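Visitor: In my numbering, the protein residues as written are 330 to 524.
The beta-carbon is built from N, C-alpha and C at its ideal position, and this holds for glycine as well.
Because the structure is a prediction, the values reported are computed rather than measured.
Let me give you the structure first, and then I'll get to my questions.
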Ligand code: IMP
Ligand code: MG
């Protein structure tokens with residue numbers, strides 16, 4: 330797939346999205362394995378899943394369906410956090426754009442995000458959920474980029490360790506594009522920033 334220097338909501342650099350890092354089949358397999366691990370750690374306990382939007386929506390949709398056979402009394406809600414602007418670097422500041430309203434007092438919460446990068450988003454989200462009185466908060470991410478960590482953070486469940494590259498697909502975007510790709514692909518920037 331190639332999109333020339335198309336400008337969407339600000340600057341978009343010329344780039345290719347053509348190398349598949351994790352295929353649909355690999356992702357489906359890891360999602361099933363994660364569901365089994367999550368179910369084994371939460372026997373007969375209701376679990377509240379809180380997805381961090383927007384990147385987690387595809388992963389969370391597949392994860393809840395993989396969890397269905399384990400009959401965990403799943404409840405789902407979302408919060409919108411933002412730390413990235415239009416480009417590929419974190420602004421360093423996490424903002425809460427929409428809070429979740431599920432009552433999580435005494436509940437086992439599983440925070441779900443697309444990727445653990447600097448760690449700032451999940452560290453912020455975990456503190457935020459903990460302040461609402463859950464019994465326990467665990468974290469689950471599709472991708473972990475340990476090379477980029479700026480604050481110490483370990484996720485409890487990780488589908489794949491990711492190389493230090495900007496990736497898109499399966500919910501992850503570059504400038505709001507590519508969330509619809511059914512697999513994870515690397516973005517290769519082909520020239521210096523345009524405009
Ligand atoms: P952190 O706060 O730096 O850990 O960033 C987490 C958020 O940054 C993720 O939820 C993503 O939305 C975004 N992000 C980090 N790395 C990538 C990437 O390679 N592709 C797309 N989004 C990314
Ligand atoms: Mg995100």
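Smallest Cα separation from residue 386: which of 355, 501, 512 and 519?
Guide: The residue with the shortest Cα to Cα distance from residue 386 is 501.
Visitor: Report the rounded CA-to-CA distance for residue 476 versus residue 436, giving the unit in angstroms.
Guide: Straight-line Cα distance between these residues: approximately 32 Å.
Visitor: Run through DSSP, which three-state label would residue 383 get?
Guide: Coil, per DSSP.
Visitor: So for residue 354, helix, strand or coil by DSSP?
Guide: It is helical.
Visitor: In the DSSP output, what is residue 377 paired with across the bridge?
Guide: Paired residue(s): 404 and 438.
Visitor: Would the beta-carbon of residue 500 be found less than 6 Å away from any heavy atom of the ligand IMP?
Guide: No, the beta carbon of residue 500 sits no closer than 6 Å to any heavy atom of the ligand IMP.
Visitor: From the DSSP output, in three-state form, read off residue 370 for me.
Guide: Three-state DSSP puts residue 370 in a helix.
Visitor: Does the Cβ of residue 370 lie closer than 6 Å to at least one heavy atom of the ligand IMP?
Guide: Because no heavy atom of the ligand IMP lies under 6 Å away, the Cβ of residue 370 does not count as near it: no.
Visitor: Determine the closest residue to residue 427 out of 465, 457, 395 and 515, with distance taken between C-alpha atoms.
Guide: Comparing Cα-Cα distances from residue 427 to each of 465, 457, 395 and 515, the minimum goes to 457.
Visitor: According to DSSP, what are the bridge partners of residue 467?
Guide: Residue 467 is bridged to 439.
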